[in-house]
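Student: The structure's right below; bear with me while I get my questions together.
Residue numbers (the working numbering): 91 to 348.
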């Protein structure tokens, strides 16, 4: 029978004007730079489906009060001069830059993360290297927590290990602007990163089911960690297990956290 993941990716990309290859990959015969830019949007919901970006660079700039979801793997992303937006960036193979932004809520996975001249930025982060902030204030970080059907494969396509996450090891180039702090409790959950009235990712992205949108609770693509500056109450336990694949290791992490 047909692979349901490929079928759903095909439908999502066809709706976005793309072509799906037999293995689920999408491509355009002629790439149009405008397909990889969002500029000057206001009060809009913009979704890029799995297969619609396919490892290209992406630019977001001068947007206000928008919900922007890049649900595909990307090469590099820049976010400039955006205010009061809620942004999801799929696995980013290289760098994610956020500059001159105010009041953003951002969920992102990348190899390198850097902010400059930002205020009131909340981030659920997966980052292979130390995230860094410069001349930025009121920046809060939490551990990445998100799930939809294509996300694990997108991490692999971006060559990001879900187990190598230094989200809390923030380097501050400008301490006088204030230290980054950690998100806690409900503020660190994906629902806090959606606009009021939206119950889950499935309300914004038609290719996501309610079950997938709720999957962050027990099957996030990235294991939940407390961060370098936090400690759980009680004893600390080291568990040594035989070599496992990614799926097996994620299941073990989920069982230990339960």
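All residues carry an ideal CB built from backbone N, CA and C; glycine is no exception.
By Cβ distance below 6 Å, which residues in the same chain neighbour residue 126 in space, the five residues on each side in sequence not counted?
Tutor: As a working mapping, residue 126 is identified with position 36 in the chain shown. Taken in chain order, the residues that qualify are 146 and 148.
Student: What are the complete beta strand (DSSP E) segments, minimum 3 residues, inside the stretch 172–204?
Tutor: 176–189
Student: With 16 other CB atoms within 10 Å as the buried threshold, where does residue 254 fall?
Tutor: Taking the chain shown and counting its residues from 1, the one referred to as residue 254 is at position 164. Per the 10 Å Cβ criterion, exposed.
Student: Taking residue 257 and residue 231 to be in contact with their CB atoms under 8 Å, please state how far apart those CB atoms are, rounded to whole angstroms.
Tutor: Position 167 of the chain shown holds residue 257. Position 141 of the chain shown holds residue 231. Rounded to whole angstroms, the Cβ separation of residue 257 and residue 231 is 6 Å, and the two are in contact under 8 Å.
Student: Do residue 220 and residue 180 have their beta-carbon atoms positioned less than 7 Å apart in this structure?
Tutor: Residue mapping note: residue 180 aligns to position 90 of the chain shown, counting from 1. Residue mapping note: residue 220 aligns to position 130 of the chain shown, counting from 1. Their beta carbons are not under 7 Å apart, which means residue 180 does not touch residue 220 by this criterion.
Student: Kindly indicate which three-state DSSP category residue 275 falls into: helix, strand or coil?
Tutor: The count along the chain shown starts at 1 and reaches residue 275 at position 185. If DSSP states are grouped into helix, strand and coil, residue 275 belongs with the helices.
Student: Relative to the C-alpha of residue 166, which candidate in 156, 177 and 186 has its C-alpha closest?
Tutor: Indexing the chain shown from 1 puts residue 166 at position 76. The shortest C-alpha separation from residue 166 is found at 186.
Student: With a threshold of 16 other CB atoms inside 10 Å of the CB of residue 226, please say whether the residue is buried or exposed.
Tutor: Here residue 226 corresponds to residue number 136 of the chain shown, with the count starting at 1. Buried: at least 16 other Cβ atoms inside 10 Å.
Student: What separation, rounded to the nearest whole angstrom, lies between the Cα atoms of residue 262 and residue 268?
Tutor: Position 172 of the chain shown, counted from the first residue, corresponds to residue 262. Position 178 of the chain shown, counted from the first residue, corresponds to residue 268. Taken atom to atom, the span from the alpha-carbon of residue 262 to that of residue 268 is near 9 Å.
Student: Would a C-beta distance cut-off of 7 Å place residue 151 and residue 122 closer than the cut-off?
Tutor: Against the chain shown, residue 151 aligns to sequence position 61. Against the chain shown, residue 122 aligns to sequence position 32. Going by C-beta atoms, residue 151 is not nearer than 7 Å to residue 122.
Student: Would residue 194 and residue 214 qualify as a contact pair, given that the criterion is a beta-carbon distance under 7 Å?
Tutor: Numbered from its first residue, the chain shown carries residue 194 at position 104. Numbered from its first residue, the chain shown carries residue 214 at position 124. Going by C-beta atoms, residue 194 is not nearer than 7 Å to residue 214.
Student: Based on Cα-Cα distance, which residue from 159, 120 and 144 lies nearest to residue 135?
Tutor: Position 45 of the chain shown, counted from the start, is the residue given in the question as residue 135. If we check each option's Cα against that of residue 135, 159 comes out closest.
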